[in-house]
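Residue 90 in this note's numbering sits at position 102 of the sequence shown; the count goes up by one each step and never skips.
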Amino acid sequence: MTRPRVVLAATLFSLAIAVAAPARAAGSAAGTVVDRDGPLPGATVVLAGAALPAAKSALTDAKGFYRFQGIPAGTYEITAFLGDGQKFKLPGVQVANGSETRVPAISLFVETVQVTGKSLDVVTKDTTTSGETFEAEKIATLPTGRSYTDLLKIAPGVSGDDGSGGQSVYGATGLESSYLIDGVNTTSVESGRPSKEISFDLIDKMELKTGGYEAEFGGAQGAIVNVTTKSGSNEFTGALSFYDTPASLSAAPARNGFGTELPVPNDREISTSVGGPIVRDRLFFFAAVSRKNSSRVAPQADLSSVLGETVQGATRRFAEDSDEADLYSLKLTWQPAGRNRVVATLMSDPRLQNLRDELGGYGGDHEVRTGGTTASVQLSSILSKRWLLEAQVGTHSENDRVLPTLERRSFNPVGEDRRLSYASVQLRGARGADGTTLPGEPSLKYGPYAYSGEMNGDRQFAKAAAEASFLRHTVKFGAEYEISDYEQSLDYGWGTGMALEWSDITDRDPATGAPRPGRQTEELVGVRRCWGDGQGDCVDWNHQVRARGATGSLRLFAQDQWKPASTVTLNYGLRWEQQDIRDAEGSVLGKMKDNLAPRLGFAWDVLGDDRSKLYFSAGRFYDTVPMQVVSRAFAPRILMTRLYRSKNWTDIPTFLNTLNALPGSNYFGVCPVNDPIYDQGSSTCWDFESKDLWPDPFAYATKKGILADKVHSPDGLNSNGTPVSFVPEVVVNSGSLNRSPIDPDLKGTSTDEVTVGYDWEFRDGWMAGARAIGRRLNEAIEDMSLDFGKTYVIANPGGPYRFYADPSNLDLVNPRYVPGSADPSQAPGLAQRFGCEPGAVCAVRNDDLEAAGLGAFPKATRTFRGVELTLSRKLRDKYWFNLSYLYSRTFGNYRGRYFAESEERDPNVTEAFDVPALVVNSTGLLPQDKTHQVKLYGSYRVTPSVSLGAAYRFATGSPISATTDPAGGSTPFFGPIFLLERGSVGRTPSLRNLDANVAWEIRDAGRAKLSMYLDVFNLLNEQKPVRVDEQFLAVGQPKAVIYPGLGAYISQGGRGEPLDLYLDQKFGNKDGRVTPNEWNAWANSLNGAFGSLRELYAYLKNETVPDILSYDSKPVPAFPGFANCPASLPADPTECPALNAGFGRAKEIEAPRSIRVGIRLTF
């Protein structure tokens, strides 16, 4: 621990010790206020007693319920009244240590005097909602991270972070839940993840609704996370906290399967809060501030030492990430009269992350600035003795900006707002950072962080609801209107993004295929991606992708809780939602208007003693479409991918030094300034600003006109005097410069859920439960290409696919179309291809797609079935705990908003249905399938001042698939193909995690309390793989065509992709050209064809095709990369160059054991 941390901790400790006395455990008291008609909302309840320095007050909710927490043991008097009406007093309320006193109902017409110490009912017999509630006192006893989302991990039904930034709940991905803080929807406008961070000490209560929730709640297929923050009262309270997770106390991190060492955590946080009255009994405040600092350090390769030659700018030995966040909040509560309450909240969370490329270089260094402001005003008003009104207006904003670090931006300026950086070298190759042999080849990445840009999202809302309890009914109905604006700019590395790999390629004799002695040469293979201009060039930095749009949502609900008998409760309701999608001008381009979500629940107190409940619930749940879809629909773009091959570079350092050259050096690299004089014709530097492809001056006479990137030395020669160039052999354009049409009859994404369960309090405070859960996805929204990657339509998979045949959209209607013409400029637009009239709505069905040879899109499917057993003990005397076991299966062809195979977090525009080939073998066990899950958490008070807490989690590993290159490098499908049934290859290891803590409390004679904490995370320190590389076939390389003077010869240096000749001969019309239809036919031939990796390998190894270019048409391997591989599937994939050397290796592992110390002073 550093000296400032020691001084701060010692100061707080000494301050508390000076007034310390033995600690006394706190209790709580709760009950209801009623009148002759039933529960009474809005009544004021005051708790007073000798053990309290000042009285506490609370208002009853819509069901007449109130609760006081943190009460010292003793005898109290409770006073209840409504507005300025008569006050009724209840003396003799006994509160015991470590338990909750159940206060009998207080009637404002018949005073109640009998008080018991029995705990509140463990079985909540009137609700059919599943989930968990975490209150502040319970949270303080658990070892968790310092974010409210960390609490979700230990709750039943939650499978943990699935890589999306959220928590997977009962089969739904982490981007399908809704996150509310003080009634404000803080779910990300862009993606659906949680987008607001608050001080952990600000949490008063967090309700997690995982299923069966009422019609009042919607906008989610996963969970509803509802956080209530602390409020001020008539007594001043405050807290000062310090938490530290020093790297020196963490276990040594393990390396993942690619030799990358996890960075060691070094976190600290200081927070403070204060609350109290501004005007007693009328105006209160609560404010909190938290400062978080985090750093991560990982060892980094010195590329110069690895390669044995100096490489400019590649001498960094460690990469350090930094993360700084400031969390502010202010809450004002105004009670102008007994029947009204106004609450205003303001929260802000600016954050700055500086992230270094820990794999070995500077080009990947980038900073991320996030944060936003959330504000609202909420009114609660008692309209009469029966009716309670709640209304709220507010706003939520979020910002996300990604760009190269300040250090990189200032190093090599190009232009006023955009600057370049050094090369980044990713060492995934044969020479690892520690000298060990690792799978794959060295990979170079040049330019600034490849996917920079900025996103701004704003949400404004207004909602109101009225609730009343009378006779046997509690009814509630309400409305909400919400509008969200979204703006995004995406700079694809400002046109500079490039990943390169260096390979030793052996030249082969075209007649025999045998290596030719002495002809082995160094070869550079590259992949470059940029936004294309549609003419074969990258767009310049002033014309990157910009997206603007908006969405409006209207929601109505009505619900009733009816008790036809004292032991029977019916909960039923209906929710209606409508959402439209608008462009920047406000025109509505798509509307989901028939989103009816019925809810039904039934609960029966079987034993009639308030100790058991048999329940059933059924409902439909729609979520809200995030605005990331606008980025695709309203920001037309062409993603241009160039695949390169270049010989005659003498070595890697020569190439790197050419690109990294500084003014005055012996090399010329990136052009020093953004000036038109360097555009297109410069032979002295590489200009990224505009048309960076230019005629290759060193091309052979037969290849004149080939465009090359300007990567060469000033005289066009390398250091040995050999002509060099960097020629893109393959250029693939994906996307369009026209908007993606939206189905005008788009159906909202929804899930149906049915739950049946039984809860039983078999002894005081002890409850056992069992329930069965079934969930089924009804519809999904995705972008799908009906013409193999040129035009995407946003619609529901399974069809029909409707879109307006806009005559001004050249992708849909080509005015130069000539039926039967072979001229590409006269080809039909998408609408014309399917016989649709311009200016009308076009409907395309799967039959039409199959007739066109493209293949059909199936309906999106996802089914979750589970059985959950629970056992819990409520806090009484010294301890409490929750134990759950969940057996479940999640099966289908669609994971949800997060596409795990390529780690794509673009909700509703993932790769899942981009082209029909990507659904081949896609039905199977989904990545979120966890067959067995066990969770146990709770705390035990050893003495009145010392308590122990623990949280244990066990989960079966995730299913593993076998795919092609996720980036589409070996196929033209723009994503991974499942070579076997999804999830059938195996599973990642099962994970066990045990967190523990110990807390020591010291109290003085008054309210001051000092708490000291020691938390240990991942006590078992197993560091097992969480995710593995599922790419089975190696990344495809462009197939070099050699002209030895006798015809053409296709190099055997390919990887896992099939030979073009094989596709044309076996799946096509044998015309010598490979078409999308033939690729589709090959992909569909894999559907269900193989039951294991061994069967698949045998096919890839042994399949042949007649070589029609040879005089005797001798058979040649259909997959040339497997020609020199072992006869059967090797245990080590590095033995076969056509296999991905990293297949099955860990891409992510568990964090090492870490220890956090904390000290908290409250008063």
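Where is the CB? At the ideal position from N, CA and C, for every residue including glycine. Remember, predicted model here, so these are calculated numbers, not experimental data.
Problem - aspartate 811 burial status per 10 Å Cβ neighbour count (16 or more: buried) - result: Counted from its first residue, the sequence shown places residue 811 at position 823. So aspartate 811 ends up on the exposed side.
Practice item. Assuming glutamate 178 contacts tyrosine 474 (C-beta within less than 8 angstroms), just tell me the rounded distance between them. Key: Position 190 of the sequence shown, counting from 1, holds the residue named residue 178. Position 486 of the sequence shown, counting from 1, holds the residue named residue 474. Right, their Cβ atoms sit about 7 angstroms apart.
Checklist entry - Got a sec, what are the start and stop residues for the beta strand (DSSP E) glutamate 88 sits in? => result Working through the sequence shown from its first residue, we reach residue 88 at position 100. From DSSP, the beta strand (DSSP E) with glutamate 88 extends over 88 to 95.
Tell me which residues share the same chain as alanine 535 and place their Cβ nearer than 6 angstroms to its Cβ, disregarding the 5 neighbours each side in the sequence. Along the sequence shown, read from residue 1 onward, the residue named residue 535 stands at position 547. Cβ within range, chain order: Gln476, Val618, Ser619, Phe622, Ala623.
Which stretch, first to last residue, makes up the beta strand (DSSP E) that contains alanine 379?
The count along the sequence shown starts at 1 and reaches residue 379 at position 391. Unbroken beta strand (DSSP E) run through alanine 379: 375 to 392.
Grouping DSSP H, G and I as helix and E and B as strand, with all else coil, what is phenylalanine 845?
Taking the sequence shown and counting its residues from 1, the one referred to as residue 845 is at position 857. Three-state result, phenylalanine 845: coil.
Proximity winner among Gly561, Tyr469, Ser261, relative to histidine 461 (alpha-carbon distances):
Taking the first residue of the sequence shown as 1, we reach residue 461 at position 473. When only C-alpha atoms are compared, the closest one is Gly561.
Tell me whether arginine 1082 is buried or exposed, calling it buried when 16 or more other Cβ atoms sit within 10 Å of its Cβ. Here the question's residue 1082 lines up with position 1094 in the sequence shown. Classification of arginine 1082: exposed, given that the 10 Å Cβ count is below 16.
Start and end residues, beta strand (DSSP E) containing lysine 319: Mapped onto the sequence shown, residue 319 falls at position 331. Start and end: 306 to 325.
| Check: methionine 1000 C-beta below 7 angstroms from any heavy atom of the ligand MG | Summarising the ligand content, the structure contains no ligands, and the ligand MG is consequently not present.
**Asked** If you drop the 5 nearest sequence neighbours on each side, which residues of the same chain put their C-beta closer than 6 angstroms to that of valine 146?
**Response** Stepping through the sequence shown from its first residue, residue 146 is reached at position 158. The answer, listed in chain order, is Leu140, Gln155, Val157.
**Asked** For valine 781 versus proline 729, is the C-beta distance shorter than 8 angstroms?
**Response** Start at 1 with the first residue of the sequence shown, and residue 781 comes out as number 793. Start at 1 with the first residue of the sequence shown, and residue 729 comes out as number 741. Result yes, Cβ atoms of valine 781 and proline 729 sit closer than 8 angstroms.
Using the Cα positions of glutamate 308 and aspartate 983, report the straight-line distance between them to the nearest angstrom. Here residue 308 refers to the residue found at position 320 of the sequence shown. Here residue 983 refers to the residue found at position 995 of the sequence shown. Whole-angstrom Cα-Cα distance: 26 angstroms.
- request: Report, in whole angstroms, the separation of the C-beta atoms of isoleucine 142 and valine 215, which I expect to be a contact under 8 angstroms.
  value: The residue you call residue 142 lines up with position 154 of the sequence shown. The residue you call residue 215 lines up with position 227 of the sequence shown. Contact doesn't hold; Cβ gap of about 16 angstroms is too wide.
Practice task
Tell me, to the nearest whole angstrom, how far the beta carbon of arginine 877 is from that of aspartate 917; I am working on the premise that it is less than 8 angstroms.
Solution key: Taking the first residue of the sequence shown as 1, we reach residue 877 at position 889. Taking the first residue of the sequence shown as 1, we reach residue 917 at position 929. About 6 angstroms separates the two Cβ atoms, so the contact holds.
Exercise. Please name the residue in Ala240, Ser283, Leu340, Leu376 whose C-alpha comes closest to that of tyrosine 392.
Key: Counting from 1 along the sequence shown, the entry for residue 392 is found at position 404. Note that residue 392 is proline in the sequence shown here, rather than tyrosine. Among Ala240, Ser283, Leu340, Leu376, the Cα nearest to that of proline 392 belongs to Leu340.
Original post:
What does a CB cutoff of less than 6 angstroms around valine 806 pick up in its chain, not counting 5 residues either side in sequence?
Top reply: Taking the first residue of the sequence shown as 1, we reach residue 806 at position 818. Gln814.
- Task: Would you mind reading off the limits of the beta strand (DSSP E) that contains serine 927?
- Result: Within the sequence shown, numbered from 1, the residue matching residue 927 stands at position 939. It spans 920 to 931 - the beta strand (DSSP E) in which serine 927 sits, taken as one unbroken run.
- Measure the Cβ-Cβ separation of tryptophan 748 and alanine 756 and say whether it is below 8 angstroms. Indexing the sequence shown from 1 puts residue 748 at position 760. Indexing the sequence shown from 1 puts residue 756 at position 768. Yes, they are a contact pair.
message: At the level of alpha carbons, what is the spacing between alanine 606 and glycine 1109?
response: As a working note, residue 606 is residue 618 in the sequence shown. As a working note, residue 1109 is residue 1121 in the sequence shown. Distance between the alpha carbons of alanine 606 and glycine 1109 is about 53 angstroms.
* Would you check if the distance between the CB atom of valine 213 and the CB atom of leucine 237 is smaller than 8 angstroms? => By 1-based counting over the sequence shown, the position of residue 213 is 225. By 1-based counting over the sequence shown, the position of residue 237 is 249. It is not a contact, given that the beta carbons lie outside the stated cut-off.
DSSP state of threonine 137, grouped into three classes?
Counting from one through the sequence shown, the residue named residue 137 turns up at place 149. Helix, per DSSP.
What does a CB cutoff of less than 6 angstroms around leucine 35 pick up in its chain, not counting 5 residues either side in sequence?
-> Start at 1 with the first residue of the sequence shown, and residue 35 comes out as number 47. Closer than 6 angstroms at Cβ, skipping near neighbours: Lys44, Phe56, Tyr64, Ile66.
Exercise. Hey, could you find the ends of the alpha helix (DSSP H) glutamine 820 is sitting in?
Key: Counted from its first residue, the sequence shown places residue 820 at position 832. First-last of the alpha helix (DSSP H) with glutamine 820: 818 to 821.
- Message: What does the alpha-carbon distance come out to for the pair valine 613 and aspartate 771?
- Response: If you number the sequence shown from 1, residue 613 lands on position 625. If you number the sequence shown from 1, residue 771 lands on position 783. If you take the alpha carbons of valine 613 and aspartate 771, they lie about 13 angstroms apart.
Q. Between which two residues does the beta strand (DSSP E) harbouring aspartate 337 extend?
A. Your numbering for residue 337 matches position 349 in the sequence shown. That residue, aspartate 337, is in no beta strand (DSSP E); it is neither H nor E in DSSP.
Going by alpha carbons, who is nearest to alanine 996 out of Leu40, Ala31, Asp23? Residue numbering aside, residue 996 sits at position 1008 when the sequence shown is read from its first letter. Considering only alpha carbons, the answer is Leu40.
Checklist entry - Looking at C-alpha atoms only, which residue of Cys518, Ser946, Ser910 is the closest neighbour of isoleucine 965? => result Residue numbering aside, residue 965 sits at position 977 when the sequence shown is read from its first letter. Residue Ser910 is the option with its Cα nearest to isoleucine 965.
Note to self: Just to confirm my understanding: we take serine 219, look at its own chain, exclude 5 residues before and 5 after, and list those with CB closer than 8 angstroms. What are they?
What the structure shows: The residue labelled residue 219 in the question sits at position 231 within the sequence shown. These residues qualify, in order along the chain: Asp192, Gly263, Phe272, Phe274, Lys319, Thr321, Val331.
(message) Measuring straight from C-alpha to C-alpha, what distance separates glycine 1041 and valine 527?
(response) Position 1053 of the sequence shown, counted from the first residue, corresponds to residue 1041. Position 539 of the sequence shown, counted from the first residue, corresponds to residue 527. The predicted model places glycine 1041 with a pLDDT of 40, which falls under 50 and marks its position as unreliable; any figure quoted below should be read in that light. Each residue's Cα considered, the two are about 33 angstroms apart.
* Grab me the residues of alanine 585's own chain with a C-beta within less than 8 angstroms of its C-beta, minus the 5 sequence neighbours each way, in chain order. => The residue you call residue 585 lines up with position 597 of the sequence shown. Correct list, in chain order: Ala203, Gly206, Leu562, Arg563, Trp564, Glu565, Gly607, Arg608, Phe609, Tyr610, Ser738.
- From the DSSP output, in three-state form, read off phenylalanine 879 for me. Here residue 879 refers to the residue found at position 891 when the sequence shown is read from its first residue. Three-state result, phenylalanine 879: strand.
In this structure, how does DSSP classify aspartate 917 when only helix, strand and coil are distinguished?
Here residue 917 refers to the residue found at position 929 when the sequence shown is read from its first residue. DSSP places aspartate 917 in coil when its eight states are reduced to three.
Can you name, in chain order, every residue of its own chain whose Cβ lies under 7 angstroms from the Cβ of glycine 441, other than the five neighbours on each side?
Your numbering for residue 441 matches position 453 in the sequence shown. Around glycine 441: Val390, Gln476, Ser477, Leu478, Asp479.
Alpha carbons only, please: which of Asn1068, Glu825, Ile769, Leu588 is nearest the one belonging to glycine 199? In the sequence shown, counting from the first residue as 1, residue 199 sits at position 211. The residue with the shortest Cα to Cα distance from glycine 199 is Leu588.
| message | In this structure, how does DSSP classify phenylalanine 1020 when only helix, strand and coil are distinguished? | response | Here residue 1020 is taken as the residue at index 1032 of the sequence shown, counted from 1. Coil, per DSSP.
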